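Asks: Dumping the structure here so I can ask a few things about it.
In full-length UniProt numbering, the protein residues as written are 1 to 745.
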């Protein structure tokens, strides 16, 4: 027994040393920003966190600037509402195509400067130029030309946003492999994002006030002036207000553009990235080497086969739907449910309408700023909660708290007390918003698991959804509530004056602003609780790290998802490489069995049929979009949602057609290769080899020992505070692992 205990202790010691060596090798190869600090491995310095997160100040917040200020500015500048709506929807159509394409380009890019930084450097400059152009339409343009200017630079701006944001989001997942450090990285980024949103909401107003009031001629202030003079003075004041608005918007665009360039350059200079240079491939025949085009679709399909990621997608969509609904309905809730102007008029004595208390715009700004400040203040608390209770439990808690705080808005009324309560409710709603960085940290674990499954890291393919989902969801989530209000009888403002609304409209706003988001938040909470497979993220992270180390040695590993033992893929050498990549366009063992039994002709016919159907659907959606726009649906409040949705469906149809085209191309290439039945059987065996297999007892014990050592290392990372603490923690963790393994034995 003593001999066995000594042997087991030696196995643990050797495994711990070898595991740490392999993880350090992985860190040097994949995460060059990590370093040892205060006795802890895999640490990231504060400068790296700041330089990475600073760019978030000018990413998502600029979209708030556009939706809150720029769209109204262009309508006041003469752009037709229908043109603005058309170009907004068209940009979403481009996003459906450009975001997945940019993710594949970035993941497959090879250069000595890395896969992400060249795009961030180029993108931040183009991003700033397009933003400044979008914020500065020439005054000499006609109404139609102003709308065309908006459309051109709005679409170009979001394309440059794609070039910048998708590589930047992916780079965040490459900074560190340590879950605690990664959580800190994304927390700092979210703090910058919240500060940027405060600036986006407040800067145009503050800069407009800073520029001073309009100086009108003396006759404009005289009493009893003729009607012609009054009309002239009103027109002059509007022109002056328009110029002030132009200057304020331009200054805001210059500020955000400058921040984007400075932050982008700082990120590129400070954040290191692993070299990603393509292999020369001198030992491979040209026909057997897969091209970049061969590898686009297999990477995307492999992501969809990642069960933890699939479990995140629908809750992610629900969370972003909540954000889009609240953003679109917030002005309606403040103006027509709380209605500060009505409160001032009904007061005894009446409060002057010029008072700050009587401004819906002021209440909206105060509530938004308070909510974002509360989000910033709550972030360190969420960080501590995740450290103490785990990311998964804290992730669920933030979703449940989001539902509880959102339902409070059902209490909104037109009263002085309701104005105060609205600000309080906004502060309470800011608390769960502060936990949004947990989603990014959990996504990092999912990417690590995908590396364990496939042997490669495709960060941009996963993080692409961080920008892709909000863009796609924003169209229906914003359009349908406004359409329902129009059906309920909503009255548009007349000459800029708000019109009284019926109780039906007020209750419609109240329900869609509180009850519907609450139900969506509870649904997201339930889906995360029931379907996300990694309930103990710390243990899953340890098993993934142990599995990655064993996989690096070519040994079997345990899948943390279902506790099955898997062997790394061995097919893919020589002439199999391109054939394997082409066959991955058709995932699953069943697809290969069918191909082997029925031949390549069946596969070609199916691909041609799918491509024809999808192209026809995309064409029909495109034609219907043109018809609805020609009929003026964009200018009809009750029907404006239809062309917006059709444009989005057209983009999705084109994307699906491209996917079908890639599958048809792969089928034609397989026909040209002329794979034999023996070759197909070899690939079938390779896919079956990923299933659970019987391992020798010593291999099972080796996996258990390495997993225990990975858990010990995680505890060590959190507990060590000094060099002496390193030794004591390692000793304590080693004894714990030996006792645990000895009792199991």
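We put the CB at the ideal spot given by N, CA and C, even for glycine. If you're wondering where the values come from, they're calculated on a predicted model, not measured in any experiment.
Does DSSP put residue 558 in a helix, in a strand, or in coil?
Replies: Mapped onto the chain shown, residue 558 falls at position 558. Here residue 558 sits in strand by DSSP.
Asks: With a 10 Å radius around its C-beta and 16 neighbouring C-beta atoms as the bar for buried, classify residue 180 as buried or exposed.
Replies: Numbered from 1 along the chain shown, position 180 holds the residue referred to as residue 180. Buried, because 16 or more other Cβ atoms sit within 10 Å of the Cβ of residue 180.
Asks: Per DSSP, which residues does residue 566 bridge with? Please list them.
Replies: As a working note, residue 566 is residue 566 in the chain shown. Paired residue(s): 557.
Asks: Can you tell me the Cα-Cα spacing of residue 655 and residue 619, whole angstroms?
Replies: Walking along the chain shown from the start, residue 655 turns up at place 655. Walking along the chain shown from the start, residue 619 turns up at place 619. Each residue's alpha carbon lies about 12 angstroms from the other.
Asks: Select from 609, 710, 645 the residue whose C-alpha is nearest the C-alpha of residue 661.
Replies: Residue numbering aside, residue 661 sits at position 661 when the chain shown is read from its first letter. Closest option to residue 661, Cα to Cα, is 609.
Asks: Only counting the same chain, and skipping five residues up and downstream in sequence, which positions put a Cβ closer than 8 angstroms to that of residue 336?
Replies: Numbered from 1 along the chain shown, position 336 holds the residue referred to as residue 336. So the list reads 498, 501, 505, 506, 509, once near-sequence residues are dropped.
Asks: Would you mind sorting residue 63 into buried or exposed? The rule is 16 or more other CB atoms within 10 Å of its CB.
Replies: Translated into positions along the chain shown, residue 63 becomes position 63. The residue in question, residue 63, is buried, as its Cβ has 16 or more Cβ neighbours within 10 Å.
Asks: When the Cα atoms are used, what is the spatial distance from residue 199 to residue 153?
Replies: Residue numbering aside, residue 199 sits at position 199 when the chain shown is read from its first letter. Residue numbering aside, residue 153 sits at position 153 when the chain shown is read from its first letter. The alpha-carbon atoms of residue 199 and residue 153 are separated by roughly 22 angstroms.
Asks: Return the chain-ordered ranges of every beta strand (DSSP E) run that is complete within the region 172–218 and spans a minimum of 3 residues.
Replies: Counting whole runs of 3 or more residues, the region 172–218 contains no beta strand (DSSP E) stretch at all.
Asks: Are the CB atoms of residue 132 and residue 30 within a distance shorter than 8 angstroms?
Replies: Position 30 of the chain shown, counted from the start, is the residue given in the question as residue 30. Position 132 of the chain shown, counted from the start, is the residue given in the question as residue 132. Against a cut-off of 8 angstroms, the Cβ pair of residue 132 and residue 30 comes out as no contact.
Asks: Would you give the residue range spanned by the beta strand (DSSP E) that residue 40 belongs to?
Replies: Mapped onto the chain shown, residue 40 falls at position 40. It spans 40–43 - the beta strand (DSSP E) in which residue 40 sits, taken as one unbroken run.
Asks: Helix, strand or coil for residue 110 per DSSP?
Replies: Mapped onto the chain shown, residue 110 falls at position 110. Looking at residue 110 - three-state DSSP - the assignment turns out to be coil, as it is neither helix nor strand.
Asks: Would you mind working out which of 265, 144, 568, 150 sits nearest residue 119, comparing C-alpha positions?
Replies: For the purposes of this step, residue 119 is taken as residue 119 along the chain shown, with counting starting at 1. Checking every option, the nearest Cα to that of residue 119 belongs to 265.
Asks: Run through the DSSP bridge pairs and tell me what residue 37 is partnered with.
Replies: On the chain shown, position 37 is the one that residue 37 refers to. Residue 37 pairs with 40.
Asks: Note down, one range per segment and in chain order, each alpha helix (DSSP H) of at least 4 residues found wholly within the region 48–78.
Replies: DSSP runs (the alpha helix (DSSP H)) wholly in the region 48–78: 60–65, 71–76.
Asks: Take residue 437 and list the residues in its own chain whose beta-carbon comes closer than 6 angstroms to its own, dropping the five residues that flank it on each side.
Replies: Working through the chain shown from its first residue, we reach residue 437 at position 437. Closer than 6 angstroms at the Cβ level, and outside the excluded window around residue 437, lie 186, 187, 190.
Asks: If contacts are defined as beta-carbon pairs under 8 angstroms, then residue 443 and residue 462 qualify, I think. What distance do you get, rounded to the angstrom?
Replies: Stepping through the chain shown from its first residue, residue 443 is reached at position 443. Stepping through the chain shown from its first residue, residue 462 is reached at position 462. Confirmed, Cβ separation roughly 6 angstroms.
Asks: Nearest to residue 167 by alpha carbon, out of 395, 271, 369?
Replies: Your numbering for residue 167 matches position 167 in the chain shown. Residue 271 is the option with its Cα nearest to residue 167.
Asks: Does the distance from the C-beta atom of residue 552 to that of residue 206 stay below 8 angstroms?
Replies: Taking the chain shown and counting its residues from 1, one reaches residue 552 at position 552. Taking the chain shown and counting its residues from 1, one reaches residue 206 at position 206. No. Outside cutoff.
Asks: In the structure shown, what three-state DSSP assignment does residue 460 receive?
Replies: In the chain shown, counting from the first residue as 1, residue 460 sits at position 460. Correct three-state label for residue 460: helix.
Asks: Can you give me the C-alpha to C-alpha distance between residue 165 and residue 173, rounded to a whole angstrom?
Replies: By 1-based counting over the chain shown, the position of residue 165 is 165. By 1-based counting over the chain shown, the position of residue 173 is 173. When rounded, the distance between both Cα atoms is 13 angstroms.
Asks: Assuming residue 582 and residue 294 make a contact with CB atoms under 8 angstroms, what is their CB distance in whole Å?
Replies: In the chain shown, residue 582 corresponds to position 582, counting from 1. In the chain shown, residue 294 corresponds to position 294, counting from 1. At roughly 6 angstroms, the Cβ-Cβ gap stays under 8 angstroms, so residue 582 and residue 294 are in contact.
Asks: What would DSSP say about residue 271, mapped onto helix, strand or coil?
Replies: For this step, residue 271 is matched to residue 271 along the chain shown. The answer is coil: DSSP assigns residue 271 none of H, G, I, E or B.
Asks: Can you tell me which of 458, 210, 82 puts its alpha carbon nearest to the alpha carbon of residue 147?
Replies: Start at 1 with the first residue of the chain shown, and residue 147 comes out as number 147. Cα-wise, what sits closest to residue 147 is 82.
Asks: Does the structure place the region 595–610 close enough to the region 640–655 that three or more beta carbon pairs sit under 8 angstroms?
Replies: With the cut-off at 8 angstroms, the region 640–655 and the region 595–610 do not touch.
Asks: Using three-state DSSP, classify residue 335 as helix, strand or coil.
Replies: As a first step, residue 335 must be located in the chain shown, where it is residue number 335. Correct three-state label for residue 335: helix.
Asks: According to DSSP, is residue 748 helix, strand or coil?
Replies: With the chain covering only 1 through 745, there is no way to say anything about residue 748.
Asks: Between residue 43 and residue 176, what straight-line distance do the alpha-carbon atoms span, to the nearest angstrom?
Replies: As a first step, residue 43 must be located in the chain shown, where it is residue number 43. As a first step, residue 176 must be located in the chain shown, where it is residue number 176. Residue 43 and residue 176: Cα-Cα distance of roughly 8 angstroms.
Asks: Leaving aside the five residues before and after residue 594 along the sequence, list all residues of the same chain whose C-beta is less than 6 angstroms from its C-beta, in chain order.
Replies: Counted from its first residue, the chain shown places residue 594 at position 594. Cβ within range, chain order: n/a, list empty.
Asks: When every heavy atom of the ligand ZN is checked, does at least one fall within less than 7 angstroms of the C-beta of residue 203?
Replies: Of the ligands one can find in the structure shown there are none, so the ligand ZN has no counterpart to examine.
Asks: Would a C-beta distance cut-off of 8 angstroms place residue 18 and residue 116 closer than the cut-off?
Replies: Position 18 of the chain shown, counted from the first residue, corresponds to residue 18. Position 116 of the chain shown, counted from the first residue, corresponds to residue 116. No.
Asks: Just verifying my parser: in three-state terms, what is the DSSP assignment at residue 671?
Replies: Working through the chain shown from its first residue, we reach residue 671 at position 671. Three-state result, residue 671: helix.
Asks: Exposed or buried, residue 320, counting other C-beta atoms within 10 Å across all chains shown (16 or more means buried)?
Replies: As a working note, residue 320 is residue 320 in the chain shown. So residue 320 counts as buried.
Asks: Could you tell me if residue 281 is buried or exposed, where buried requires 16 or more neighbouring beta carbons within 10 angstroms of its beta carbon?
Replies: Locating residue 281 in the chain shown gives position 281, counting from the first residue. Caution applies to residue 281, whose pLDDT of 34 falls short of 50 and renders its modelled position unreliable; the value that the coordinates give is listed next. Counting Cβ neighbours within 10 Å, residue 281 comes out exposed, since fewer than 16 surround it.
Asks: In whole angstroms, give me the CA-to-CA distance for residue 622 and residue 640.
Replies: In the chain shown, the residue the question calls residue 622 occupies position 622. In the chain shown, the residue the question calls residue 640 occupies position 640. Whole-angstrom Cα-Cα distance: 16 angstroms.
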